[in-house]
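Data block below; observations after.
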Amino acid sequence: MAINLEDPKKFRPLRDQAHQVAMNMLRPISRKYDLAEHEYPKELDMLAAMIDGLSESGAGEGAGAAGVRRDDKGEPAGNKNGSNLASVMSIAEMCWGDVGLLLSMPRQGLGNSAIASVANEEQLKRFDGTWAAMAITEPATGSDSANISTTAVLDGDEYVLNGEKIYVTSGDRADSVVVWATLDKSLGRAAIKSFVVQKGTPGMRVERLEHKLGIKASDTAVIIFDDCRVPKENLLGSPEIDVKQGFAGAMATFDNTRPLVASMAVGCARAALDLTRDLLEQAGVEIDYDKPAYNQSAAAAKFLQMESDWEGARLLMMQAAWMADNRQPNSLEASMAKAKAGRVGSDVTLSCVELCGTLGYSEAELLEKWGRDSKILDIFEGTQQIQQLIVARRILGLSSAELK
Ligand SMILES: Cc1cc2nc3c(=O)[nH]c(=O)nc-3n(C[C@H](O)[C@H](O)[C@H](O)COP(=O)(O)OP(=O)(O)OC[C@H]3O[C@@H](n4cnc5c(N)ncnc54)[C@H](O)[C@@H]3O)c2cc1C
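Note that the numbering used here numbers the sequence shown so that position 226 is 237, with each residue one more than the last.
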């Protein structure tokens, strides 16, 4: 069977449209919101309305993170290019425009992917149109997410949430937050469930916003839950604590969100490569795709090496998304894509800063910004080291207890 390495034809219009939006709507305000940290990018409201319109007309399949869902019914798995693939392709294009602004896009939060991944049909309808942030990380828990200590205790028809969540992307602006909490810490990871908490629910408050290295257009919040009561129907998926199934339910979210984060890195790195190629050409550096790299200038050879690394990341991203569309287990591939793209994103953007010298470091261009913005993509939704650990466990057939 031949492998086709090109973008699927049916998604090319979507990809091109996302590229136009990135170029004409995100790039022009990119520096403005990098400098005006915590200021709401009001221009995005219009863009979000446009995306809503496209989704309603059916043309917006996969326009953002909200498009991600594994449908267990319907046609059997085969060779389908679906909404996961469409999402990674369009998100990469949007991040060619600006990662921080993409992360601030109304109704396209990582919490929306969590809802799409684990909600039942009734919840999917009820939470349709919400803008959901995702709150897992706590002051004492980051990579070791099975250790979270925010609690959820059933009291009548409501769960009572108590705890502190930190570094919640869009935690201030979103309409709701998907909060990970434990029903019973003594039962370990199987007792961790996610809850949709609407903004304005008594007992939930945004304590402060963080100042950051990059993605400054995106708000990052500390949120406190103090006897915060949510309807019991807001627990996503099943309330049963299935010790055999362990963490699988919650972790399924990551299989869908990691390819998305990989696509953000792919898009940001592509932006840096495109601008660097222009700047190198203006400086008289010729990049020849038909000549061996060792016969070209050091700058051209470095550029070619970066592009091939980038291509590897892009293909892993496409593979992980395609497998999700075809209902194939993709935890290994999702982590491989995230690890490769996260690392390539940082390496490529910073190498572009280096190759372009003073222009690379100057605020006259966006290269230095992309160098800062890309770093987070190698950290959130599981760091580089954690992805490598997951890949190693999967390949060696070892459990999380056996390989820590
Ligand atoms: C801008 C920003 C936005 C974020 N957005 C969100 C969000 O929306 N929702 C959310 O829940 N969280 C979010 N996070 C948090 C992010 O997911 C965590 O920072 C990340 O998971 C790492 O956790 P930690 O910071 O506690 O680091 P730690 O887990 O303390 O790790 C520190 C270092 O040790 C390494 N390490 C840890 N364990 C191992 C191991 N077993 N083997 C090898 N190395 C290891 C890590 O890779 C890392 O390099 C965000 C963070 C930032 C900076």
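We put the beta carbon where it would ideally sit given N, CA and C, even for glycine. Source: prediction; values computed, not measured.
Touching or not, the region 171-182 and the region 141-151, by the rule of three or more beta carbon pairs under 8 angstroms? Segments in contact, yes.
Quick one: grab the DSSP three-state call for Arg240. Correct three-state label for Arg240: strand.
Between which two residues does the beta strand (DSSP E) containing Gln209 stretch? Element bounds for Gln209: 203-209.
From the DSSP secondary-structure annotation, give me the bridge partner or partners of Ser187. Note: Ser187 sits in a beta bridge opposite Ala143, Gln209.
Indicate whether Ala350 and Ala331 have their beta-carbon atoms separated by less than 8 angstroms. At the C-beta level, Ala350 and Ala331 stay beyond 8 angstroms of one another.
Am I right that Trp381 and Ala283 are in contact with their C-beta atoms under 8 angstroms? What's the rounded C-beta distance? Right, the Cβ-Cβ distance comes to about 5 angstroms (below 8 angstroms), so this counts as a contact.
Which ranges would you report for the beta strand (DSSP E) in the region 223-311 if only whole runs of at least 3 residues count? Entirely contained in the region 223-311, the beta strand (DSSP E) runs reaching 3 residues are, in chain order, 231-242.
Look up Tyr44 in the DSSP assignment and say whether it is helix, strand or coil. DSSP, reduced to helix, strand and coil, places Tyr44 within a helical segment of the structure shown.
Other residues of its chain near Met100: CB distance less than 6 angstroms, five sequence neighbours each side excluded: Within the same chain, Met100 has close Cβ partners Phe22, Arg26.
So what does DSSP say about Met215, is it helix, strand or coil? Correct three-state label for Met215: strand.
On the three-state DSSP scale, how would you describe Leu135? Correct three-state label for Leu135: helix.
In angstroms, rounded to a whole number, what distance separates the CA positions of Lys136 and Asp299? If I take the Cα positions, the gap works out to 53 angstroms.
Keeping to the same chain, check which residues put their C-beta closer than 7 angstroms to that of His222; ignore five residues upstream and five downstream. Here His222 has Glu48 as same chain residues with Cβ atoms under 7 angstroms from its own Cβ, once five neighbours each way along the sequence are excluded.
How many angstroms separate the CA atom of Asp285 from the CA atom of Gly108? Approximately 12 angstroms, taken between the alpha carbons.
Is Gly353 a contact residue of ligand 1, with contact defined as CB to any heavy atom under 7 angstroms? In this structure, Gly353 has its beta carbon at no less than 7 angstroms from each heavy atom of ligand 1.
Please identify the residue among Leu409, Val233, Met262, Gly167 whose C-alpha is closest to the C-alpha of Ser205. Out of Leu409, Val233, Met262, Gly167, Met262 has the C-alpha closest to the C-alpha of Ser205.
Close Cβ partners of Ile406 (< 6 angstroms) along its chain, the five nearest in sequence each way excluded: Nothing meets the Cβ criterion.
Where do the N-terminal and C-terminal ends of the alpha helix (DSSP H) with Ile397 fall, by residue? Ile397: member of the alpha helix (DSSP H) spanning 395-407, first to last residue.
Is Ala6 near ligand 1, judged by its Cβ being under 7 angstroms from some heavy atom? Outside the modelled stretch of the chain, which goes from 12 to 415, sits residue 6, for which no answer is possible.
Whole-angstrom C-beta distance between Glu392 and Val272, which should lie under 8 angstroms: Going by Cβ atoms, the distance from Val272 to Glu392 rounds to 5 angstroms, so yes, they are a contact pair.
Using DSSP with H/G/I as helix, E/B as strand and the rest coil, what is Thr152? Strand, per DSSP.
Answer yes or no: do Gly225 and Lys386 have a C-beta to C-beta separation smaller than 8 angstroms? Their beta carbons are under 8 angstroms apart, which means Gly225 touches Lys386 by this criterion.
Taking the alpha carbon of Met213 as the reference point, which residue from Ile252, Arg200, Tyr170, Leu220 has its own alpha carbon closest? Here residue 213 is Pro; the residue named in the question, Met, does not match the sequence. If you compare the alpha carbons of Ile252, Arg200, Tyr170, Leu220 with that of Pro213, the shortest gap goes to Tyr170.
How many whole angstroms separate the CB atoms of Val416 and Glu218, which I take to be in contact at a CB cut-off of 8 angstroms? Lying before the first or after the last residue shown, residue 416 is absent from the chain, which here runs from 12 to 415.
Would you give the residue range spanned by the beta strand (DSSP E) that Leu162 belongs to? First, the amino acid is wrong: residue 162 is Thr here, not Leu. Going by DSSP, Thr162 is part of the beta strand (DSSP E) stretching over 162-166.
When you compare the region 349-365 with the region 299-312, are there three or more beta-carbon pairs, one atom per stretch, that lie closer than 8 angstroms? With a cut-off of 8 angstroms, the region 299-312 and the region 349-365 do not count as touching, because too few Cβ pairs lie within range.
If I measure Cβ to Cβ from Thr268 and keep anything under 7 angstroms in the same chain, skipping five residues before and after, which residues do I get? The residues are Leu121, Ser124, Glu392.
Looking only at its own chain, which residues have a Cβ that is under 8 angstroms from the Cβ of Ser410, when we skip the five neighbours before and after it? Excluding residues within five positions, the ones whose Cβ falls inside 8 angstroms are Arg404.
Burial state of Glu376 (16 or more Cβ within 10 Å): Counting Cβ neighbours within 10 Å, Glu376 comes out buried, since at least 16 surround it.
Nearest-angstrom Cβ-Cβ length linking Leu112 and Leu55, presumed shorter than 8 angstroms: The beta-carbon distance between Leu112 and Leu55, rounded to whole angstroms, is 7 angstroms. This is short enough to meet the 8 angstroms contact definition.
Outcome for Val254 when other beta-carbon atoms lying within 10 angstroms are tallied against a minimum of 16: So Val254 counts as exposed.
Please report the straight-line C-alpha distance between Gly75 and Asn306, rounded to a whole angstrom. Because the pLDDT of Gly75 is 45, which lies under 50, any placement of that residue in the model is unreliable, and the number read from its coordinates should be weighed accordingly. Put simply, the backbone Cα of Gly75 is about 42 angstroms away from that of Asn306.
At what residues does the alpha helix (DSSP H) containing Leu113 begin and finish? Start and end: 110-114.
Quick one: measure Cβ to Cβ for Val355 and Asp320, integer angstroms, because I've assumed they're closer than 8 angstroms. Contact flag correct, Cβ pair sits at about 5 angstroms.
Got a sec: does ligand 1 put a non-hydrogen atom nearer than 7 angstroms to the Cβ of Met215? Relative to ligand 1, even the nearest heavy atom lies 7 angstroms or more away from the CB of Met215.
In the structure shown, what three-state DSSP assignment does Gly93 receive? Reduced to three states, the DSSP call for Gly93 is coil.
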